[in-house]
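Notes for the one structure printed next.
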Amino acid sequence: MIATPDRTPLPRDFFDRPVLEVAPDLLGRVLIRTTPDGPIELRLTEVEAYDGPNDPGSHAYRGRTNRNGVMFGPPGHVYVYFTYGMWHCANLVCGPEGRASAVLLRAGEITEGAALARRRRLSARNDKELAKGPARLATALGVDRALDGTDACAAGETPLRILTGASVPTHQVRSGPRTGVSGDGGVHPWRFWVANDPTVSPYRAHTPRRRRS
DNA sequence: TCTAGGATATACT
DNA sequence: GTATATCCTAGAA
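If you read the first sequence in the numbering used here, its first letter stands for residue 73, the second for the next number, and so on.
Spelled out as C-alpha cells, the structure:
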C-alpha cells in the first residue's frame, strides 16, 4: 500500500448510482476547492439525498427550470443554488443522467486551508463552525453560482473536485429526517451524518415563516 | 441557552 | 403575494 494520500478524483461511475447509495458513501470523502489564494480541503461529515421525480422536497420535483438545469445533466457535476436571498448551497448530481437526483453537502471539517476559510466565515466562533451547515459550507469554500455545473470528477484543473479515499465505516453512519424540508418531503430518513462528529449541524425541524408586517 | 425576526433570489399560485 | 434544502443578531429567560 502507498502511504501518500490519493489525489485522484472519484470516478464518474461512483455517482452514476441511486442517490441513496451514493449519499452515505460520500461521508468522510475529501473535497478540494482550488482558489487563487490556495487550496481548501474539506472532509464531508453530513449530507442529504434528494431524489428528483419522486421527492416533493427536491428542487427538481416540478421539472426543469433555469436554476436547477444542472441536476438534469450528467452525474458527478456540482449543482449550486442561491436561496433565502443570501446563501449558496452545493450539491453533487447523481445518476442516472436525467433523473435529477443530487446530494446536498450539509457539513464538513476543514482539513486544510482553514485560514482561507476563516477569512470567508468571520462570524464563526471556532473552526468546527466553519462549515457546520450547508450555506456555511458553501461560504467557507467560496462556492457560488459561478461554480454551477463544475465537473467534480475532472482529472485536470477544476475549481472543485472530490477525491477517492476512504469513506467512513458503515457502523459510524447515522441517518434521520431531512432538515428544513416541509410537507411529505420531511418524512424520509435521507439525511446522513458521521456519528459523534462535532462539525455536524444541529437538527432543525421545518418551521414555517410568519408573514412580514 | 433559547427564540423571534430580518435579509431577500427564485419559483410557484 | 407566499414559501423556501439558511444563517445571524438581539433580546429574553
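Where is the CB? At the ideal position from N, CA and C, for every residue including glycine.
Quiz item: Does the count of Cβ pairs from the stretch 200-214 and the stretch 137-146 closer than 8 Å reach three?
Solution: no
Practice problem: Examine the Cβ distances between the stretch 183-198 and the stretch 123-133 and report whether three or more of them are shorter than 8 Å. | Solution: no
Quiz item: What is the rounded straight-line gap between the Cα of alanine 277 and the Cα of serine 254?
Solution: Residue numbering aside, residue 277 sits at position 205 when the first sequence is read from its first letter. Residue numbering aside, residue 254 sits at position 182 when the first sequence is read from its first letter. Taking the straight line joining both Cα atoms gives about 9 Å.
Exercise. Determine the direct distance from the alpha carbon of threonine 80 to that of serine 130, and round the result to whole angstroms.
Key: Along the first sequence, one-based indexing puts residue 130 at 58. Along the first sequence, one-based indexing puts residue 80 at 8. Distance between the alpha carbons of serine 130 and threonine 80: 30 Å.
Practice problem: Give the secondary structure of glycine 180 by DSSP, where H, G and I count as helix, E and B as strand, and everything else as coil. | Solution: For the purposes of this step, residue 180 is taken as the residue at position 108 of the first sequence. DSSP, read as helix, strand or coil, puts glycine 180 in strand.
Self-check item: Inter-residue Cα distance where the pair is threonine 76 and glycine 157
Solution: The residue given as residue 76 occupies position 4 in the first sequence. The residue given as residue 157 occupies position 85 in the first sequence. Summary for threonine 76: the model assigns pLDDT 49, below 50, so the residue's position carries little reliability; its value from the coordinates is reported in the next sentence. Answer to the nearest angstrom: the Cα atoms are 42 Å apart.
Self-check item: Contiguous beta strand (DSSP E) assignments of at least 3 residues, all confined to the stretch 187-256
Solution: 232-234 and 245-248
Quiz item: Counting Cβ pairs closer than 8 Å, one from the stretch 219-239 and one from the stretch 177-190, do we hit at least three?
Solution: no
Practice problem: Measure the C-alpha to C-alpha separation of glutamate 93 and alanine 187 and round it to an integer number of angstroms. | Solution: As a position in the first sequence, residue 93 is number 21, starting the count at 1. As a position in the first sequence, residue 187 is number 115, starting the count at 1. C-alpha separation (whole angstroms): 34 Å.
Quiz prompt | CA-to-CA distance, leucine 177 to leucine 209, given in whole angstroms | solution = In the first sequence, residue 209 corresponds to position 137, counting from 1. In the first sequence, residue 177 corresponds to position 105, counting from 1. Distance between the alpha carbons of leucine 209 and leucine 177 is about 8 Å.
Quiz item: Residues in its own chain within less than 8 Å of leucine 82 by CB, not counting five upstream and five downstream?
Solution: Counting from 1 along the first sequence, the entry for residue 82 is found at position 10. Only Arg101, Gly148, Ala224, Cys225, Ile234, Leu235 and Thr236 meet the Cβ criterion.
Self-check item: Cβ-based neighbour list, threonine 106, same chain, cut-off 6 Å, excluding 5 preceding and 5 following
Solution: In the first sequence, counting from the first residue as 1, residue 106 sits at position 34. These residues qualify, in order along the chain: Pro231.
Quiz item: Apart from the five residues on each side of it in sequence, which residues of its chain come closer than 8 Å, Cβ to Cβ, to valine 259?
Solution: The count along the first sequence starts at 1 and reaches residue 259 at position 187. Around valine 259: Pro249.
Practice problem: Give me the Cα-Cα distance between arginine 190 and tyrosine 153, rounded to the nearest whole angstrom. | Solution: By 1-based counting over the first sequence, the position of residue 190 is 118. By 1-based counting over the first sequence, the position of residue 153 is 81. Each residue's Cα considered, the two are about 22 Å apart.
Quiz item: Which same chain residues, not among the five before or five after alanine 121, have their C-beta less than 7 Å away from its C-beta?
Solution: Against the first sequence, residue 121 aligns to sequence position 49. Closer than 7 Å at Cβ, skipping near neighbours: Val91, Leu92, Ala95, Val175 and Trp262.
Quiz item: Where glycine 245 and threonine 117 are concerned, what is the direct C-alpha to C-alpha distance, given to the nearest angstrom?
Solution: Counted from its first residue, the first sequence places residue 245 at position 173. Counted from its first residue, the first sequence places residue 117 at position 45. It should be pointed out that residue 245 corresponds to valine in this sequence rather than to glycine. Looking at the backbone, the Cα of valine 245 and that of threonine 117 are separated by about 9 Å.
Quiz item: On the three-state DSSP scale, how would you describe threonine 76?
Solution: Residue mapping note: residue 76 aligns to position 4 of the first sequence, counting from 1. Residue placement at threonine 76 cannot be trusted, given a pLDDT of 49 that sits under 50; the coordinates are not used to answer.
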